[in-house]
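Visitor: Below are the structure tokens for one structure; questions will follow.
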Amino acid sequence: MSNWKVGPGGRLYHPTTGAYVGQLDDNGNEQMVVSSAFPSDQGVGNVAGVVAASPLGDFRPSLLASLVSGATYGQAGNTVTVIATAHGLPTNRDGYRIFWPGSAAIAPGWYDGFAYVDANTFIFQSAESQTVSAGTAITGALPYVTSTTLASASAPGKLLGKNGRVSAMITASGDATAGQKDTRLAINGSGISAAFHLAACNSTYSLTVVNANSYNKQVGVSSQDGTGTSTASTVATQDTSVEFTVSVTAKLQNASQWRAYDHVEIQVVTLP
Numbered sequence: 544m545s546n547w548k549v550g551p552g553g554r555l556y557h558p559t560t561g562a563y564v565g566q567l568d569d570n571g572n573e574q575m576v577v578s579s580a581f582p583s584d585q586g587v588g589n590v591a592g593v594v595a596a597s598p599l600g601d602f603r604p605s606l607l608a609s610l611v612s613g614a615t616y617g618q619a620g621n622t623v624t625v626i627a628t629a630h631g632l633p634t635n636r637d638g639y640r641i642f643w644p645g646s647a648a649i650a651p652g653w654y655d656g657f658a659y660v661d662a663n664t665f666i667f668q669s670a671e672s673q674t675v676s677a678g679t680a681i682t683g684a685l686p687y688v689t690s691t692t693l694a695s696a697s698a699p700g701k702l703l704g705k706n707g708r709v710s711a712m713i714t715a716s717g718d719a720t721a722g723q724k725d726t727r728l729a730i731n732g733s734g735i736s737a738a739f740h741l742a743a744c745n746s747t748y749s750l751t752v753v754n755a756n757s758y759n760k761q762v763g764v765s766s767q768d769g770t771g772t773s774t775a776s777t778v779a780t781q782d783t784s785v786e787f788t789v790s791v792t793a794k795l796q797n798a799s800q801w802r803a804y805d806h807v808e809i810q811v812v813t814l815p
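Residue numbers for the sequence shown follow the numbering used here, beginning at 544 and rising by one.
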């Protein structure tokens, strides 16, 4: 931001994207300037003291499934068919991506094109066309109960200021079985803000990490409007004066559990 007088009072907009990039007072002095927190095609960023939202990395609606021991699969062309007895997955999330725990022919990771077939069967799409015999073992540990990154992005140093915050606004649902289902907002891989759900877990909630008057001290808290039995408050010492990573992670506890992440949005407030 400069002290130049550049025009009449009002808002400034990017000439190409149309994004809001600043504000002038009635004398033409710049009052605030947007800096991009997590770059997007829309040019959304953050303004000092003002909440601005953006996508987190390459997030898309996602299904995390623990599956069951003994699950198998086969592949014909790009379609992977998974047999997992009583997998518990929902019938109404077709088209989401799903996390695959890994096998000899298909690397672990997120894959598009989930579709429910029946109570014991579902499919997804792999970018690599190949033939794998039905009944092939899944080599990744089952049930899959490993912390998994939903999405992440790099943020520039000093983005938050010494007293700013970053929040993940999440809409998610899942099965109603007993067993903890974790969602965390992490800085540099350290899960600072967390929400823990037991049994039913349909909710919209906020995971927030604040800088506590320092680039190197954070406090994480969460809030939610749905069913959840506990949340965690954590103090951390990540360095946000240099480039840092923001990520959202998820973890299940037992077999036949699932969690659908329908929406993940990042909000940033920069405060000195």
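Glycine included, every Cβ here is placed at the ideal spot set by N, Cα and C.
Quantities reported herein were computed from a predicted structural model and do not represent experimental measurements.
1. Counting only the same chain and skipping the five closest in sequence on each side, list residues whose C-beta sits under 6 Å from that of P604.
2. Since S790 and S695 should fall inside the 8 Å C-beta cutoff, what is the C-beta to C-beta distance between them, to a whole number of angstroms?
3. Just reading off the beta strand (DSSP E) that H740 is part of, what are its end residues?
4. In angstroms, rounded to a whole number, what distance separates the CA positions of T770 and C744?
5. Tell me whether the beta-carbon of T644 lies closer than 7 Å to the beta-carbon of G613.
6. Could you please give the first and the last residue of the uninterrupted beta strand (DSSP E) stretch that includes S676?
7. Considering only DSSP beta bridges, list what Y616 is partnered with.
8. Which partner residues of Y748 appear in the DSSP bridge assignment?
9. Check whether the Cβ atoms of R496 and G717 lie closer than 7 Å to each other.
10. Report the three-state DSSP secondary structure of S757 (helix, strand or coil).
11. Taking S669 as the reference, give the member of T751, T624, G600, K794 with the closest Cα.
12. Would you report the Cα separation of P633 and P651, rounded to the nearest angstrom?
13. Can you have a look at N635 and say buried or exposed, based on whether 16 or more other CB atoms are within 10 angstroms of its CB?
14. To the nearest angstrom, how far is the alpha carbon of S676 from that of T615?
15. List the residues that DSSP assigns as beta-bridge partners of V789.
16. Out of I809, S690, P699, which has the shortest C-alpha to C-alpha gap to K724?
17. Between which two residues does the beta strand (DSSP E) holding Q810 run?
18. So, for S697: in the same chain, excluding its five sequence neighbours on each side, which residues have a beta-carbon less than 7 Å away from its beta-carbon?
19. Using the beta-carbon count (16 or more within 10 Å), is V778 buried or exposed?
20. Among the residues of its own chain, which have a CB less than 8 Å from the CB of K760, if the five just before and after it don't count?
21. Alpha carbons only, please: which of I809, M712, A627, S757 is nearest the one belonging to C738?
22. If you measure from the beta carbon of G656 to each beta carbon in chain D, is any gap under 7 Å?
23. Relative to the C-alpha of F665, which candidate in P686, T674, I641 has its C-alpha closest?
24. Spatial neighbours of V762 within its chain, please: CB distance less than 6 Å, with the 5 preceding and 5 following residues excluded, ordered by chain position.
25. Once the 5 residues before and after E808 are set aside, which same chain residues still bring their CB inside 6 Å of it?
26. Thinking C-alpha only, which one of V688, D661, S766, S765 is nearest K794?
Guide: According to the structure shown:
1. Y639, D805
2. 3 Å
3. 733-740
4. For T770, the predicted structure reports a pLDDT of 49, less than 50, and the residue's modelled location is therefore unreliable. A value from the coordinates is still provided. Going from the Cα of T770 to the Cα of C744 covers about 5 Å.
5. Here residue 644 is Pro; the residue named in the question, Thr, does not match the sequence. Their beta carbons are not under 7 Å apart, which means P644 does not touch G613 by this criterion.
6. 664-680
7. V625, T679
8. I713, Q767
9. The chain is shown from 544 up to 815; residue 496 falls before or after that span and cannot be answered.
10. coil
11. T624
12. 21 Å
13. exposed
14. 10 Å
15. A696, I730
16. S690
17. 801-812
18. E786, T788
19. exposed
20. N754, V778, A779, T780
21. Note that residue 738 corresponds to Ala in the displayed sequence, not to Cys. Measuring from the Cα of A738, the nearest candidate turns out to be M712.
22. Of the protein chains in this structure there is only one, and it is not chain D.
23. I641
24. V753, A755, V778
25. A596, M712
26. V688
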